[in-house]
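Here is the structure we will look at.
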Amino acid sequence: MTCSLACVRSWATGINRVAIWSFENMYSETECWEWFRFPKARMSEILRELKLHDSGCPDGKWRFYDSRGIAQYAFEPMQVLVVFLARMSSLNTWSRLVRFLGGGSTTACKAAFSIALEHIFVHFRGTMSDITRWSAEADVWAAAVHAAGVAYDMLCGVGSYVDVVVVHVMRTITTNMKYEAKRTLFQHEFRSLAHGGIQLPLGRKLSSRGQRCARRCTRRVLRRIHRRDFPSLRASCFRPAARLLWLLQEPRREIPERGGPERSHRRLFWTRSWATRRWVPFATLEIPGAYAPFLPRRWPPLLRVWRSGIRSLPVYHAWFQGSDDSPAGCILVVNERCAHRG
Amino acid sequence: MTPQQAAFSSSMSAVRIGVEWGFMLVCRDWAFVDYEKNLKIWKQPIAKLYHVAAIMTNVKTCVMAQEHDPYGNLIANKFGVSPPSLHDYLHG
């Protein structure tokens, strides 16, 4: 393949750019690892598997169309993937990335990034949203969790984990919730969004839910996971004998920005145990069975959210896991065996 | 805490860290989704960005499992479960 790496001047940006964009000649193996996170030899396979190798146009190039339907930019398929991976893997601004990506304008790079982002999201979100896709491996996951050191009689076939992470983002100050490009309004404040996901023992994320404002986010995201994902997950992935689903959180990381950390922290992630009347770490759960005879009359405020779900489930006893001085996590376990252990 | 609860807690502590590793893998490889000054709500599709970053993390796990070791990342290595091939994951 003959390519020219001679630099030509871009009159639009003043940045030198390559005359002919070539992935093979422009990036070394080390640069591929550093900027694209993949081996150079596998990039063409990844391009093909992501269905980015052919845009459907006669020349195979990806084109970015403006609002009038006019193609503004044309990209080689590998260029789209390279721009996307370099953007995702680095904290640099677009203006700094442009030189590494071969020159050109930042607007063109943003267009290539949006093409790849939209394409991957549209074509492959089903790999994570279809939660029952790997149900045939449920026994393998449960056996893997057991082999990692969890007593099997305590975990009745649980094969995946659920957790929520908080992603801090900037919120542009707006007027009436509309973005205004005026000088004094270009300020930001921090917001937090929550993403919930189900993690498999083999290291693949099975599901991702988001985004929710993080001030009360964890509860909302978990509730969404419970309502949408767990019924189908339980029906297909868990063994029939499964009586136990559990969630993990890390309460100390989730400090809301208002109301003071201690007060909000307690309000959000701690609740009063009806058995001991002590404040204990709070977690949420989905319980299979009819729990109604064992429910207390006065519900802790946070558990009230789950009242309708818990009421119809046949579990005999519940206890909280964790203590005031253990910030690593908290578990609420419901297991019918606990009734016999007292 | 009863002895049963203590035993449960100690046995679970060895594996629950794997949950956090999953989020670590996303932020380690795709730093863009972990940089709050770049993520501007109402200006960028942040949820879509994180979703795609998680997909690409899974893609990398599958690629690394074929490239270097049979596991692909530290979570799969800890639990001893191999991920599928890249084609099976994306199109299976």
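Read top to bottom, the protein sequences are chains A and B.
To get our numbering, take the position in the first sequence, counting from 1, and add 3.
Oh and the second sequence: position 27 is 19 in our numbering, straight run, nothing missing.
Every residue gets a Cβ at the ideal spot worked out from N, C-alpha and C, and that includes glycine.
Keep in mind that this is a model prediction, so the values were computed, not measured.
If the criterion is Cβ atoms closer than 8 angstroms, does the pair Pro80 (chain A) and Leu100 (chain A) meet it? Taking the first residue of the first sequence as 1, we reach residue 80 (chain A) at position 77. Taking the first residue of the first sequence as 1, we reach residue 100 (chain A) at position 97. When the beta-carbon positions are compared, Pro80 (chain A) and Leu100 (chain A) stay at least 8 angstroms from each other.
Is the distance from the Cβ of Lys88 (chain B) to the Cβ of Leu120 (chain A) below 8 angstroms? Here chain B covers residues -7 to 84 and nothing more, so residue 88 (chain B) does not appear.
Contact set for Ile9 (chain B): own chain, Cβ-Cβ below 8 angstroms, skip 5 residues either direction: Your numbering for residue 9 (chain B) matches position 17 in the second sequence. Excluding the 5 residues flanking it on each side, Ile9 (chain B) has no same chain C-beta neighbour closer than 8 angstroms.
Using only the heavy atoms of the ligand GDP, determine whether one of them is closer than 7 angstroms to the beta carbon of Ala114 (chain A). With respect to the ligand GDP, the structure offers nothing, as it holds no ligand at all.
Quick one: which chain A residues come within Cβ less than 7 angstroms of Asp21 (chain B)? Reading the second sequence from its first residue, position 29 is the one you call residue 21 (chain B). Listed along chain A, the residues sitting closer than 7 angstroms to Asp21 (chain B) by beta-carbon distance are Arg40 and Ser92.
Which first and last residues belong to the beta strand (DSSP E) in which Trp65 (chain A) is found? Counting from one through the first sequence, the residue named residue 65 (chain A) turns up at place 62. Note, Trp65 (chain A): beta strand (DSSP E), Trp65 to Tyr68.
Rounded to a whole number of angstroms, what is the C-alpha to C-alpha distance between Trp22 (chain B) and Asp57 (chain A)? The residue given as residue 22 (chain B) occupies position 30 in the second sequence. The residue given as residue 57 (chain A) occupies position 54 in the first sequence. If you take the alpha carbons of Trp22 (chain B) and Asp57 (chain A), they lie about 25 angstroms apart.
CB contact below 8 angstroms: Ile49 (chain A) versus chain B: For the purposes of this step, residue 49 (chain A) is taken as residue 46 along the first sequence, with counting starting at 1. Put simply, the CB of Ile49 (chain A) is near chain B, with a gap under 8 angstroms to one of its CB atoms.
How would you call Cys112 (chain A), buried or exposed, if buried means at least 16 neighbouring beta carbons within 10 angstroms? For the purposes of this step, residue 112 (chain A) is taken as the residue at position 109 of the first sequence. It counts as buried.
So, helix, strand or coil for Phe24 (chain B), using DSSP? Here residue 24 (chain B) refers to the residue found at position 32 when the second sequence is read from its first residue. Phe24 (chain B): helix per DSSP, three-state reduction.
Hey, would you say Phe26 (chain A) sits closer than 8 angstroms to Val55 (chain B), going by beta carbons? Position 23 of the first sequence, counting from 1, holds the residue named residue 26 (chain A). Position 63 of the second sequence, counting from 1, holds the residue named residue 55 (chain B). No; because the gap between Cβ atoms is not below 8 angstroms, this pair is not in contact.
Proximity to Ala45 (chain B) [Cα-Cα], best of B:Phe15, B:Ile67 and B:Tyr63: What you label residue 45 (chain B) is simply residue 53 of the second sequence in a count that begins at 1. Of the candidates B:Phe15, B:Ile67 and B:Tyr63, B:Phe15 places its Cα closest to the Cα of Ala45 (chain B).
On the CB-based measure, 16 or more other CB atoms within 10 Å of its CB, does Arg71 (chain A) come out buried or exposed? Looking up residue 71 (chain A) in the first sequence gives position 68. For Arg71 (chain A), the number of other beta carbons within 10 angstroms of its own is below 16, and it is reported as exposed.
Along the chain, where does the alpha helix (DSSP H) that runs through Tyr81 (chain B) open and close? Counted from its first residue, the second sequence places residue 81 (chain B) at position 89. Note, Tyr81 (chain B): alpha helix (DSSP H), Leu78 to His83.
Those runs of the beta strand (DSSP E) which lie wholly inside the stretch 25 to 86 of chain A and span at least 3 residues: Listed in chain order, they are 65 to 68 and 74 to 78.
Mapping DSSP to helix, strand and coil, what is Lys70 (chain B)? One-based indexing of the second sequence puts residue 70 (chain B) at position 78. In this structure, DSSP gives Lys70 (chain B) a helical state, which the three-state scheme calls helix.
Leaving aside the five residues before and after Asn65 (chain B) along the sequence, list all residues of the same chain whose C-beta is less than 7 angstroms from its C-beta, in chain order. Walking along the second sequence from the start, residue 65 (chain B) turns up at place 73. Counting only Cβ-Cβ distances below 7 angstroms, and skipping sequence neighbours, we find Leu17, Thr53 and Met56.
With respect to the alpha helix (DSSP H) encompassing Trp137 (chain A), which residues constitute its N-terminal and C-terminal limits? Your numbering for residue 137 (chain A) matches position 134 in the first sequence. It is not in any alpha helix (DSSP H) - Trp137 (chain A) carries neither H nor E in the DSSP assignment.
Can His79 (chain B) and Glu52 (chain A) be called in contact, C-beta distance under 8 angstroms? For the purposes of this step, residue 79 (chain B) is taken as the residue at position 87 of the second sequence. For the purposes of this step, residue 52 (chain A) is taken as the residue at position 49 of the first sequence. A distance below 8 angstroms separates the beta carbons of His79 (chain B) and Glu52 (chain A).
Can you find a C-beta in chain B that's less than 8 angstroms from the C-beta of Phe103 (chain A)? Locating residue 103 (chain A) in the first sequence gives position 100, where the first residue counts as 1. Between Phe103 (chain A) and chain B, the shortest Cβ-Cβ separation is not below 8 angstroms.
Check this for me: beta carbons of Asn50 (chain B) and Tyr81 (chain B), under 8 angstroms apart or not? Within the second sequence, the letter at position 58 stands for residue 50 (chain B). Within the second sequence, the letter at position 89 stands for residue 81 (chain B). A contact, by the Cβ cut-off of 8 angstroms.
Under 8 angstroms between C-beta atoms, does Leu55 (chain A) make it to chain B? Locating residue 55 (chain A) in the first sequence gives position 52, counting from the first residue. Chain B contact via Cβ: absent.
Length of the line joining the Cα atoms of Phe39 (chain A) and Ser77 (chain B): Sequence index remark: in the first sequence, residue 39 (chain A) carries index 36 (1-based). Sequence index remark: in the second sequence, residue 77 (chain B) carries index 85 (1-based). Roughly 20 angstroms between the two C-alpha positions.
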